[in-house]
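Peer 1:
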Amino acid sequence: MNLSDRDNGLLGIASSADATHVSSSNRPPARLRRAMRIGLLIASLFACLPPHLLYRLFRRPSPWPSRFLALAARSAGARVHIEGKPMGHDAFYVSNHVSWIDILALGGHSGCAFVAHDGIARWPLIGWLAAQNNTIFVSRETRRDVHKQVDELRGALARHQPIAVFPEGTTGDGVSLLPFKPSLLAVMAPPPRDMLVQPVFIDYGDAAPDIAWINGEPAGKNAARVLAREGQLPVTLRFLEPFDPAHFSDRKAIAIEARKRIAACLSAFAGTGGHV
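Residue 617, in the numbering used here, is where the sequence shown stops; the numbers in between run on with no holes.
1) Between 400, 461, 555 and 597, which lies nearest to residue 512 when the distance is taken from Cα to Cα?
2) For residue 495, which residues from the same chain have a beta carbon less than 6 Å from its beta carbon, with the 5 sequence-adjacent residues on both sides left out?
3) Taking Cβ positions, are residue 434 and residue 379 nearer each other than 8 Å?
4) Skipping 5 residues on each side, what residues in its chain have a beta carbon closer than 8 Å to that of residue 468?
5) Taking 6 Å as the limit between beta carbons, can you name the residues of its chain near residue 623, skipping five residues before and five after?
6) Measure the Cβ-Cβ separation of residue 596 and residue 531 and say whether it is below 8 Å.
7) In angstroms with no decimal places, state the Cα-to-Cα distance between residue 486 and residue 480.
8) Start and end of the beta strand (DSSP E) containing residue 598?
9) Unbroken alpha helix (DSSP H) runs of length 4 or more, entirely within the stretch 440 to 488: which are they?
10) Determine, using beta-carbon pairs with one atom in the stretch 565 to 583 and one in the stretch 422 to 430, whether at least three such pairs fall under 8 Å.
11) Between the C-alpha atoms of residue 395 and residue 589, what's the straight-line distance to the nearest angstrom?
12) Which runs of the alpha helix (DSSP H) spanning at least 4 residues fall entirely within the stretch 536 to 563, listed in chain order?
13) Locate the beta strand (DSSP E) running through residue 419, then write down its first and last residues.
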């Protein structure tokens with residue numbers, strides 16, 4: 342599944358992005374690659390922002406945040422492939438987390454909103470852009486805050502936009518899974534309406550160690566490194582079989598089931614290199 346021709350044609354952005362993938366003998370230096378991709382990201386924003394603001398002006402649901410995320414993923418060098426079938430409306434996606442590219446790829450190709458730490462809301466520009474995609478900002482300070490977060494998440498689910506959570510709570514190395522924190526999965530125990538949980542494995546293949554955001558690397562340094570990377574970045578979004586959370590006793594059981602399915606997929610595609 343790729344971007345529609347309409348989205349690919351926006352200001353020629355997607356086709357221009359291919360300029361960052363040329364023969365090895367003619368590849369531009371890292372600084373130039375980074376500058377080219379930043380330029381494409383800015384062009385993507387200016388292409389998508391005016392129509393999005395028009396939708397907001399007339400108080401209509403806007404498709405442009407997800408289109409921007411898809412274009413931004415491509416502008417950053419990602420080439421996204423889909424395996425399985427995203428559920429779409431009323432889906433609750435549970436995914437592994439490797440990089441900020443995850444958000445561009447998954448949001449751009451599923452139309453989902455995300456749950457993020459409230460500190461991101463204060464990041465210049467990034468926080469505002471996240472809010473345009475209906476990001477649910479949560480605090481992790483106290484146990485009392487967890488109950489508030491679940492209530493906020495329950496309210497967001499009433500909008501019928503798909504929601505994605507990264508229950509590892511941080512980014513991993515892409516070849517292993519961290520333990521899943523079940524707190525936010527309480528919103529699915531029991532689920533509102535007849536919602537299903539759909540596990541997602543975001544697979545970067547052999548490129549995972551190169552782009553993983555780990556070991557306390559500063560956000561700016563990681564972004565600069567990923568944007569300077571040579572060649573295209575293959576990303577496969579593997580949408581796994583959904584399951585009914587109503588069949589599980591509590592949030593911990595739901596987290597265990599989701600992690601088990603993602604771990605099995607990771608092992609199947611990572612071979613002996615994967616550790617769960």
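Where a beta carbon is used, it is the ideal one built from N, C-alpha and C, also for glycine.
Peer 2: Walking through what the data contain:
1) 555
2) 528
3) no
4) 461 and 462
5) With the chain covering 342 to 617 only, the question about residue 623 has no answer from this structure.
6) Not a contact, by the Cβ cut-off of 8 Å.
7) 6 Å
8) Element bounds for residue 598: not the beta strand (DSSP E) but the alpha helix (DSSP H), 592 to 611.
9) 442 to 451 and 467 to 473
10) Output reads yes: the stretch 422 to 430 touches the stretch 565 to 583.
11) 43 Å
12) The qualifying runs are 549 to 552.
13) 419 to 424 is the extent of the beta strand (DSSP E) around residue 419.
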